[in-house]
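Following: one structure in structure tokens, then a few remarks.
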Amino acid sequence: MTEAMIRGLDFTGVDINPLAVLVCEAKKEIDHGADIEKAASLVLDALAKDRQDSIDVDYQNREKWFSNESAEYFSKIRRAILKVDEQGARKILWAVFAEIVRLCSNSRPSTYKLHIRKPGDRVGVEKISALFRSHLDETVERVKQYRSLISDRGENQPLATIICDDIRRADLNSRSDRHQILVTSPPYGDNQTTIPYGQFSYLALRWIPREDLPRGFHEMLLANTHSLDSASLGGSVVNSDAKQDAMRAISSTFDQFVSVAIGSDKEKGIRKVSSFVYDFYEALKHIREECNGHAHWALTTGNRTAVGLTVPFDEICRDIISSLGGRSLVSLKRCLPVKRMPSRNSMGVMITTETTLVAEFS
């Protein structure tokens, strides 16, 4: 999104995760001139004057993830942010708030899953306060840098559309007379070994008021810590057999993968893979139907393992592109010296490369 807007290109982004959408909305508000300096000053002033010791939110197992003392301080930050009248500035502040929740809740920040910290690793109020202030200062500086970067863009104001919805049904409202560039880096085939962004987002989302969350957000996605991930692509194995059969007819590579799994008596173990691959196909199919003009797609993938079998996701993507009428142009492989995802999957196989497939539709 940032790269598109720097270049004056219109952007459309879709995510079922409301926190991911909120962060993109914050970037959009930065581009549109939200007064974050004034908002930051107001928040810090409100924090200094707040003498309340109440806890303003409550949900199941709140005390597991936030001690009463830390919950009281997060409530102070929350109240301070709510004193900012400009919603665009509040969205930027909520993005900062979410990062502090990630760093300072009782969940270990070394993983995107919710795993409880050891008692000696809990974060005290003084550190929460210091981290919030430092991240707020850093955000203000980065906003200044970004606005300096786009200062020569002139009056060419790009349009950014951020949609909180399931990509398989989202209304993209695309124009077929414009060239489309699709860039995506989907999970790598086995939902149990990919980053659980829903769990990562859950705690912060429980603190942010409904009116500041994206339109299209469904409350059921916060029913529990797993709801978001279950609603994401490949999150459910319902009808996995039918999905598997459908994908075998679409992708010869996937068909061969399933045959190997059946021959190894591991078909049950690849149900999540089958569900994800079919859901991903449905997503790309919907995008192509909504954006049916000339286009280039860039899909960045990696080949992970499930029940000891390597999932040839890069070649499966190539088959999907072909089934949708596209033409694969080039596959670029690169090593991954530093990754935010695990370097080993559940079977202990090193994941050291990723592939970017570039395809063309005419």
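The working numbering puts the sequence shown at residues 34 to 395. Note that the Cβ used here is the ideal one computed from N, Cα and C, for glycine as well.
Under 9 Å between C-beta atoms of residue i and residue j
i, j, result
"residue 307", "residue 352", "no"
"residue 190", "residue 46", "no"
"residue 101", "residue 110", "no"
"residue 316", "residue 303", "no"
"residue 312", "residue 266", "yes"
"residue 80", "residue 113", "yes"
"residue 200", "residue 319", "yes"
"residue 237", "residue 150", "no"
"residue 73", "residue 170", "yes"
"residue 287", "residue 310", "yes"
"residue 232", "residue 146", "yes"
"residue 239", "residue 95", "yes"
"residue 213", "residue 329", "yes"
"residue 116", "residue 75", "yes"
"residue 63", "residue 180", "yes"
"residue 245", "residue 61", "no"
"residue 324", "residue 207", "yes"
Cβ neighbour criterion (16 or more within 10 Å) applied to residue i
i, result
"residue 242", "exposed"
"residue 253", "exposed"
"residue 50", "buried"
"residue 122", "buried"
"residue 247", "buried"
"residue 373", "Note that residue 373 scores a pLDDT of 47, beneath 50, so its modelled location is shaky; the value from the coordinates is reported in the next line. By the 10 Å Cβ count, residue 373 comes out exposed."
"residue 385", "exposed"
"residue 321", "buried"
"residue 193", "buried"
"residue 139", "buried"
"residue 57", "buried"
"residue 70", "exposed"
"residue 219", "buried"
"residue 366", "exposed"
"residue 184", "exposed"
"residue 97", "exposed"
"residue 344", "buried"
Reduced DSSP secondary structure (H/G/I, E/B, other) of residue i
i, result
"residue 65", "coil"
"residue 367", "strand"
"residue 240", "coil"
"residue 204", "coil"
"residue 349", "helix"
"residue 52", "helix"
"residue 251", "coil"
"residue 362", "strand"
"residue 73", "helix"
"residue 140", "strand"
"residue 264", "helix"
"residue 256", "coil"
"residue 357", "coil"
"residue 342", "strand"
Span of the alpha helix (DSSP H) around residue i
i, result
"residue 97", "95 to 98"
"residue 172", "158 to 182"
"residue 35", "35 to 39"
"residue 48", "Taken as a continuous stretch (DSSP letters only), residue 48 belongs to no alpha helix (DSSP H), being part of the beta strand (DSSP E) at 44 to 48."
"residue 286", "285 to 296"
"residue 120", "120 to 137"
"residue 92", "Where residue 92 is concerned, there is no enclosing alpha helix (DSSP H), given that its DSSP letter is neither H nor E."
"residue 111", "101 to 115"
"residue 321", "304 to 323"
Close Cβ partners of residue i (< 8 Å) along its chain, the five nearest in sequence each way excluded
i, result
"residue 234", "50, 51, 52, 53, 131 and 261"
"residue 108", "85, 87, 88, 89 and 90"
First through last residue of the beta strand (DSSP E) which encompasses residue i
i, result
"residue 197", "193 to 197"
"residue 27", "Lying outside 34 to 395, the shown extent of the chain, residue 27 is not represented and no answer is given."
"residue 388", "386 to 394"
"residue 329", "328 to 334"
Cβ-based neighbour list, residue i, same chain, cut-off 6 Å, excluding 5 preceding and 5 following
i, result
"residue 37", "44"
"residue 300", "294"
"residue 172", "129"
"residue 196", "47 and 203"
"residue 156", "137"
"residue 249", "197 and 198"
"residue 284", "349 and 352"
Cβ-based neighbour list, residue i, same chain, cut-off 7 Å, excluding 5 preceding and 5 following
i, result
"residue 211", "326"
"residue 350", "332, 334 and 390"
"residue 395", "327"
"residue 263", "269"
"residue 358", "394"
"residue 161", "103, 106, 133 and 137"
"residue 92", "239"
"residue 360", "392 and 393"
Distance cut-off 8 Å: residue i Cβ against heavy atoms of the ligand FMN
i, result
"residue 252", "Among the components modelled here there is no ligand, and therefore nothing to report on the ligand FMN."
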